[in-house]
Amino acid sequence: MMLSLAGLLLVCTARDLIWLFLALELTSLPTYVLVAMSRSSRIAQESAMKYFFLGAMSAALFLYGFAMLYAATGTVEFEPMRRVLIDQATGDGLSVLAILGLILSLFGICYKLAAAPLHLYAADVYEGAAAPVTAFLGFVPKAAGVLAIMVLLSAAGVSELAPQLPYPILIMLWVVAVLTMTLGNIGALLQRSVKRMLAYSSIAHSGYLLIGIIAGPGLGYTAVLFYLLAYGISNTAVFGVLSGLERQGQELETIDDLAGLRQRHPIMAAALAVSSGSLLGFPPLLGFWGKLLLFIAAIQTGQYVLVIIAAVNSAISGWYYLRLVAVPIMAAPTARSESVERGPSGGPRLACLILTLSALILPIFLSWLVVQSSTSARTGFAPSATSSLDQAEPKDSITFDSRLSRLGPLNGPSDS
């Protein structure tokens, strides 16, 4: 796990294509081993093999895209590459090699997000791995993929001073975002296995994250970083509940295994309800503010159709997330769910309680979190624009803060 986290940090500091490739692979390679070792079952071994071979295919895709970018610009370093691509864009337009290189690179990186159509492995891998490993898989590779896309687009000349994506890239990301949201939510509706349902919901969240990338630097990237925080806390809390419970020494399999959980383990049922509500985007939980920020960013860039599609998908997700709330709290216990008990380790239960409290408390510090996300977005993904923006807050951030000021006390302390 530490190697994967190191890879995630290296993605943020990548300054050339080789560094970015190695960082992404360092993030992914340990996860293949984690899936295989997490459970001594045939399903886990099969999931790990599928995960590995599809990961190798995606690595080949974005490596081929990197090679095309090198051919189009003559360099693997981001700063010279940015200058060459900006010169091309202001002249006759980006070369065919540059456009194809960007499309292949972004498409390959979408595997890390489990974005459509490279999402088919996610349900099997989530189901085959142990719950703690699944929680890790649900966030770290996804975060690495999102950050890698932002780094790569910055290298392509997309900055706060020139936020418009090249049209072919915009169309590609738009289609992928819509497919990912829709297929993820529809797939989750059809599941009875709790881990497969969460796998498909994770796919849908990748689609929401792509909305912020489409919105571009400024408020869009700020929204992406904030949403990653909200999603990571809420999703890990849900898996913390699943990790802290067992049935006859085995992990819970179906949503029906949670029936009547309120009567036997009320704190775990409450934690599951709050974290599921945050994933849904139920106000005033942390996930609601992340989704609101994404929608505002998309509206400000004119992506009205995308916002409508995302809102419809959020409504669809309400059905299966509310099942995670209603079944433990309202359903009567069954003979199967009566055998559900706490696991031998208290670590997962403690972690899920801390994360659940975070989803409740962090909205109090909303303004401070938005400012920190905005600062990280400006300094981490727009190095060419940093010097000119050091003296002033970006217009998008001011606009969002002014809108938040009319939403009441959930703003948190403005002087933080």
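Count along the sequence shown starting at 1, add 651, and that's the number in my numbering.
Positions of the beta carbon are idealized from the N, C-alpha and C atoms, including for glycine.
Remember, it's a predicted structure, so these values are computed and weren't measured experimentally.
- In the three-state scheme derived from DSSP, where H, G and I count as helix and E and B as strand, residue 743 is classed as coil.
- Note that the C-beta distance between residue 930 and residue 919 is not below 8 Å.
- With three or more CB-CB distances shorter than 8 Å, the segment 1010-1027 counts as touching the segment 928-942.
- Between residue 968 and residue 855, the beta carbon gap of about 6 Å places them in contact (Cβ cut-off 8 Å).
- Per DSSP, reduced to three states, the secondary structure at residue 897 is strand.
- Comparing C-alpha distances from residue 727 to each of 670, 746, 676, 701 shows the shortest one belongs to 670.
- Following the DSSP letters along the chain, one finds residue 1013 in no alpha helix (DSSP H), marked with neither H nor E.
- With respect to the 8 Å criterion, residue 786 and residue 703 are not classified as neighbours on the basis of their beta carbons.
- According to the DSSP assignment, residue 833 belongs to the alpha helix (DSSP H) that extends over 818-840.
- Boundaries cannot be given for residue 987, as no alpha helix (DSSP H) includes it and DSSP labels it neither H nor E.
- Pairing residue 783 with residue 1032 gives a Cβ-Cβ distance that is not under 8 Å.
- Closest by C-alpha distance to residue 903, out of 998, 766, 846, 739, is 846.
- A residue is called buried when at least 16 other Cβ atoms come within 10 angstroms of its Cβ; residue 827 meets this threshold and is buried.
- For residue 958, the uninterrupted alpha helix (DSSP H) run begins and ends at 955-981, by DSSP.
- Collapsing the DSSP output to three states places residue 756 in a helix.
- The beta-carbon distance between residue 658 and residue 795, rounded to whole angstroms, is 6 Å. This is short enough to meet the 8 Å contact definition.
- Secondary structure at residue 1026: helix, using DSSP grouped into helix, strand and coil.
- In the three-state DSSP reduction, residue 785 falls in the helix class (H, G or I).
- Under DSSP, residue 844 forms a beta bridge with 905.
- For residue 699, the enclosing alpha helix (DSSP H) has its first and last residue at 693-724.
- In this structure residue 777 is buried. Its beta-carbon is surrounded by 16 or more other beta-carbon atoms within 10 angstroms.
- Three or more beta-carbon pairs drawn from the segment 860-876 and the segment 948-966 are found closer than 8 Å, and the two stretches are therefore classed as touching.
- The distance from the Cβ of residue 716 to that of residue 755 is about 3 Å, consistent with a contact at the 8 Å cut-off.
- The shortest C-alpha to C-alpha distance from residue 791 to any of 763, 736, 1000 is the one to 763.
- One alpha carbon belongs to residue 957, the other to residue 925, and they sit about 27 Å apart.
- The shortest CA-to-CA distance from residue 981 to any of 1006, 909, 938, 948 is the one to 909.
- Counting along the chain, residue 728 sits inside no alpha helix (DSSP H), nor does DSSP assign it H or E at all.
- When the beta-carbon positions are compared, residue 757 and residue 803 come within less than 8 Å of each other.
- The Cβ atoms of residue 773 and residue 885 lie no closer than 8 Å to each other.
- With a 10 Å radius around the Cβ and a threshold of 16 neighbouring Cβ atoms, residue 963 comes out exposed.
- No Cβ-Cβ contact shorter than 8 Å links residue 857 with residue 775.
- Looking at the DSSP output, residue 775 bridges to nothing.
- Counted as a single uninterrupted DSSP element, the alpha helix (DSSP H) harbouring residue 796 occupies residues 791-806.
- Note on geometry: alpha-carbon atoms of residue 709 and residue 752 lie some 14 Å from one another.
- For the options 714, 740, 997, 748, the alpha carbon positioned closest to that of residue 897 is the one of 997.
- If you look at residue 653, you'll find it in the alpha helix (DSSP H) that goes 653-663.
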